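Visitor:
There are 2 protein chains.
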Amino acid sequence: MRSPTELAQVFREKQLKLTPQRQLLFGLLHDNDSHPTAESLFEIASKQMPGISLRTIYQTLGELADMGELQLVDLGNGAMRFDPNMGEHQHFVCGSCGAIHDVDITSAPKLRAGSAEGFAVEEIGVVFHGRCDRCNRPNHGEQVSQHSKRSPGIQAKKIRQVKQASSN
Amino acid sequence: MRSPTELAQVFREKQLKLTPQRQLLFGLLHDNDSHPTAESLFEIASKQMPGISLRTIYQTLGELADMGELQLVDLGNGAMRFDPNMGEHQHFVCGSCGAIHDVDITSAPKLRAGSAEGFAVEEIGVVFHGRCDRCNRPNHGEQVSQHSKRSPGIQAKKIRQVKQASSN
DNA sequence: CTCTAATTTGCAAGTCATGCTAACTAACAA
DNA sequence: TTGTTAGTTAGCATGACTTGCAAATTAGAG
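Structure representation (structure tokens):
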């Protein structure tokens, strides 16, 4: 995602208003590698701007995604994650603490697929699962920080799948 | 997933009752490669057993998943998909018609990842996106059959992610 | 046939995200 | 500075998908 300043420029050019809500979000998202959910952003934003609406968070996030400024990542953990890192990369999800880390695609085996079985593959989504280095230590803090809400039953054991947005 | 007969055996051994609802589902799921949702199974099951509850579908499906008889696949399209094919394979999702096809992992480049960046990778989830051969034809039927319900906005462009169940 | 624990149902509840609209305001012009 | 207006925000309702719960059933054993 571009810097708040650049985004301001882009918005202006598109006749989009530079509201304080948007500017706040631009700042909160810039260089944010925490893969926040709309809810978590809402909480943080609320501190700096009490009264801001969750609806606005979703709205703005959706616009930024439309503009190709950020990715909407669904790890199947319940809520959508927003990732301002538009570079080609994948994600690693720690099954122990729930942490999500970016994985440089170059450090992982390159993935490619031509038209397998007659399918014209355009995008390949990948998610690595395992335990992060911290949780692998002897005295790891086995605490699933991101209190996973939605459905403890099926959710707990389901097999997630990936998807990369098409060029739409 | 094992055959209905074998499943019956398994259930008996586990002191689980062989209800007609379960038997019906065993049959509907056996060799089913349509990646049905709970809802779609419900519709089909309802024809053969009017009155069956959607709740029961979810319940049974969850149990089968727990028993390792089927995978719960989340393509991010809104509803969970149930896949009785427990063999190692990936999925291809057609962005045009919404069809989901199994992809033999061997026909796609093998994926592997040791501990990238300190992470102990246990599972890697992959989903291929593109257009199926049918939709690639000149006069393709550009109809998203599986009327995607849930959230047309964010859903339409979001980047899905994958996940493979841990050995739980 | 009886009994009991496992199941099924039906409905409420919960989570996540979007639709809708009245109230508000950034951006621009006079 | 003030007026105008199209773009935005805030709230609330609604929708989709699942699960929790408790009462009513029933499969399977004795």
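First to last, the sequence lines map onto chains W and A.
Take the first sequence: its position 7, counted from the start at 1, is 1 in the working numbering, and no numbers get skipped.
Take the second sequence: its position 147, counted from the start at 1, is 141 in the working numbering, and no numbers get skipped.
Yeah, the Cβ is synthetic: ideal placement off N, Cα and C, and Gly gets one too.
Predicted model, so just to flag it, every value in this text is computed and none were measured.
Based on Cα-Cα distance, which residue from A:Gln65, A:Gly70 and A:Gln84 lies nearest to Val67 (chain W)?
Guide: That would be A:Gly70, whose Cα lies nearest to the Cα of Val67 (chain W).
Visitor: Check whether the Cβ atoms of Phe122 (chain A) and Phe86 (chain A) sit closer than 8 Å, and answer yes or no.
Guide: yes
Visitor: Within 10 Å of its beta-carbon, does Pro78 (chain W) have 16 or more other beta-carbons around it, so buried, or fewer, so exposed?
Guide: buried
Visitor: Put Ala73 (chain A) into one of helix, strand or coil per three-state DSSP.
Guide: coil
Visitor: Can you check whether the C-beta of His83 (chain A) is within less than 8 Å of a C-beta belonging to chain W?
Guide: no
Visitor: At a CB-CB cut-off below 8 Å, which residues of chain A make contact with Ile118 (chain W)?
Guide: Val120, Val121, Phe122 and His123
Visitor: Among A:Gln15, A:Lys11 and A:Gly81, which one has its Cα closest to the Cα of Arg(-4) (chain A)?
Guide: Among A:Gln15, A:Lys11 and A:Gly81, the Cα nearest to that of Arg(-4) (chain A) belongs to A:Gly81.
Visitor: Is it buried or exposed for Glu7 (chain A), if we count other Cβ within 10 angstroms and need 16 for buried?
Guide: So Glu7 (chain A) ends up on the exposed side.
Visitor: Closer than 6 Å by C-beta to Tyr52 (chain W): which residues in its own chain qualify, once you throw out the five before and the five after it? Chain order, please.
Guide: Excluding residues within five positions, the ones whose Cβ falls inside 6 Å are Ala32.
Visitor: Is the beta carbon of Cys88 (chain A) closer than 8 Å to that of Arg125 (chain A)?
Guide: yes
Visitor: Report the neighbours of Cys126 (chain A) on chain W: residues whose CB is nearer than 7 Å to its CB, in chain order.
Guide: Phe113
Visitor: Using the C-alpha atoms, what's the distance from Gly21 (chain W) back to His24 (chain A)?
Guide: 51 Å
Visitor: Return the CA-CA distance between Ser40 (chain W) and Thr(-1) (chain W), expressed in angstroms with no decimal places.
Guide: 22 Å
Visitor: For Val97 (chain W) and Phe36 (chain A), I'd like the C-alpha separation in whole angstroms.
Guide: 39 Å
Visitor: Would a check of beta-carbon distances place Gly70 (chain W) closer than 8 Å to chain A?
Guide: The beta carbon of Gly70 (chain W) sits closer than 8 Å to some beta carbon of chain A.
Visitor: For Ile118 (chain A), does the three-state DSSP call read helix, strand or coil?
Guide: strand
Visitor: Is Leu10 (chain W) close to chain A? Criterion is C-beta to C-beta, closer than 8 Å.
Guide: Judged by the 8 Å Cβ criterion, Leu10 (chain W) is not in contact with chain A.
Visitor: Do Ile118 (chain W) and Val120 (chain A) have their beta-carbon atoms positioned less than 8 Å apart in this structure?
Guide: Taking the C-beta atoms as reference points, Ile118 (chain W) is found nearer than 8 Å to Val120 (chain A).
Visitor: In this structure, how does DSSP classify Ser109 (chain W) when only helix, strand and coil are distinguished?
Guide: Below a pLDDT of 50, predicted positions are generally treated as unreliable, and Ser109 (chain W), at 49, falls in that range; no measurement from the model is reported.
Visitor: According to DSSP, simplified to helix, strand and coil, what is Leu19 (chain W)?
Guide: helix
Visitor: Within a Cβ cutoff of 6 Å, which residues of the same chain sit near Leu19 (chain A), ignoring the five residues on either side of it in sequence?
Guide: Thr54
Visitor: Run through DSSP, which three-state label would Asp60 (chain W) get?
Guide: helix
Visitor: Please list the terminal residues of the continuous alpha helix (DSSP H) segment that includes Cys129 (chain A).
Guide: Asp127 to Asn130
Visitor: So what does Cys91 (chain W) bridge to, in DSSP terms?
Guide: Residue pairing from DSSP leaves Cys91 (chain W) without any beta-bridge partner.
Visitor: Roughly how many angstroms lie between the CA atoms of Arg49 (chain A) and Met43 (chain W), to the nearest whole one?
Guide: Roughly 42 Å separates the two Cα atoms.
Visitor: Quick one, which of A:Pro30, A:Met74, A:Arg16 and A:Gly92 has its alpha-carbon nearest Ser47 (chain A)'s?
Guide: A:Arg16
Visitor: Between the region -2 to 27 of chain A and chain W, which residues of the former have a C-beta closer than 7 Å to a C-beta of the latter?
Guide: none
Visitor: Between Glu57 (chain A) and Leu1 (chain A), is the Cβ-Cβ spacing less than 8 Å?
Guide: Result no, Cβ atoms of Glu57 (chain A) and Leu1 (chain A) do not sit closer than 8 Å.
Visitor: Is Phe113 (chain A) near His95 (chain W), with beta carbons less than 8 Å apart?
Guide: yes
Visitor: Along the beta strand (DSSP E) that carries Gln42 (chain W), what are the first and last residues, could you check?
Guide: First-last for Gln42 (chain W): Ala32 to Gln42, but that is the alpha helix (DSSP H), not the beta strand (DSSP E).
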